[in-house]
Structure formats: C-alpha cells, structure tokens
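Colleague:
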Amino acid sequence: MPSEVELRAAVALAVGDRALRMITEQCDHLAFNADLGRLEGVFKSHDDNGLQEFTVRIALTEPAVPFGGRAIVVHMSSDDGWQIEMSVVIPARALAAAVTGAEVRG
C-alpha cells in the first residue's frame, strides 16, 4: 500500500495529463485515507443540468513486472449512477526519484 508521500508524488508527476490535473485542481480537499492508501475528495461539475458532485478516489497500483511502471487509478462516482474511471501510468524510476529526491538517469 502506498504512503501519502508516494501517492502525492505520483499525482504531481502525472499533472501533465489534462483530465487528472483538472480533477486534482478542482477537487475539494483531497485527503489521504491511511487505512485504504488512497486520496479521497469531492469533485463538483457545473453543466446544463446544474451541479453534479462526484466522490473521487485516487489510488496507486503496485509495480507491474516486467514493465516497471505504476498506474494512478482515478475512480469518480455520483449519487445518480455516473461512474468515471481513468488511469495514468508513471515510470517507477521517476516515482522513486520524486519520493527520494534523487535524480533519474538513463
């Protein structure tokens, strides 16, 4: 299970993904749930139908061998049945470097 530091570092590395960046920037306080190892918050969307609120859960998968990457998985759900799920892959070496402050080489 990832630590809060590791999960937040992964999200910071993935902000190049527009959808993830929009979710994290517009989500009400993303709190770390230590029991489940994920970030949780509420995303509010305004459209022609009015205000829609989504419960957001952001988790980090275990490394995939032999690929060596990790995926940030974002699950959003609303009370009226809407569900959205997406993932963004992060290179394991880049994530390890971000967590430790080391430089990624080669």
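Note that the sequence shown covers residues 5 to 110 in the numbering used here.
For each residue, glycine too, the CB sits at the ideal point set by N, CA and C.
For clarity, every value in this text was computed on a predicted model and none was experimentally measured.
1. To which residues of the same chain is Leu34 closer than 6 Å at the C-beta, ignoring the five residues directly before and after it?
2. Tell whether a beta-carbon distance below 8 Å holds between Ala75 and Thr59.
3. With distances taken between CB atoms, is the gap from Val92 to Asp21 smaller than 8 Å?
4. Do you know how far the Cα of Ile94 is from the Cα of Ala18?
5. My output table needs one value for Thr104: the three-state DSSP class, helix, strand or coil.
6. Out of curiosity, what's the CA-to-CA distance linking Asp83 and Gln56?
7. Mark Leu11 as exposed unless 16 or more other C-beta atoms lie within 10 angstroms of its C-beta, in which case mark it buried.
Modeller: Reading off the structure:
1. Counting from 1 along the sequence shown, the entry for residue 34 is found at position 30. Cβ within range, chain order: Leu43, Gly45.
2. Stepping through the sequence shown from its first residue, residue 75 is reached at position 71. Stepping through the sequence shown from its first residue, residue 59 is reached at position 55. It is not a contact, given that the beta carbons lie outside the stated cut-off.
3. Taking the first residue of the sequence shown as position 1, residue 92 is located at position 88. Taking the first residue of the sequence shown as position 1, residue 21 is located at position 17. Yes, the Cβ-Cβ distance between Val92 and Asp21 is below 8 Å.
4. Residue numbering aside, residue 18 sits at position 14 when the sequence shown is read from its first letter. Residue numbering aside, residue 94 sits at position 90 when the sequence shown is read from its first letter. Approximately 7 Å, taken between the alpha carbons.
5. Taking the first residue of the sequence shown as 1, we reach residue 104 at position 100. Helix, per DSSP.
6. Taking the first residue of the sequence shown as 1, we reach residue 83 at position 79. Taking the first residue of the sequence shown as 1, we reach residue 56 at position 52. Going from the Cα of Asp83 to the Cα of Gln56 covers about 9 Å.
7. Mapped onto the sequence shown, residue 11 falls at position 7. By the 10 Å Cβ count, Leu11 comes out buried.
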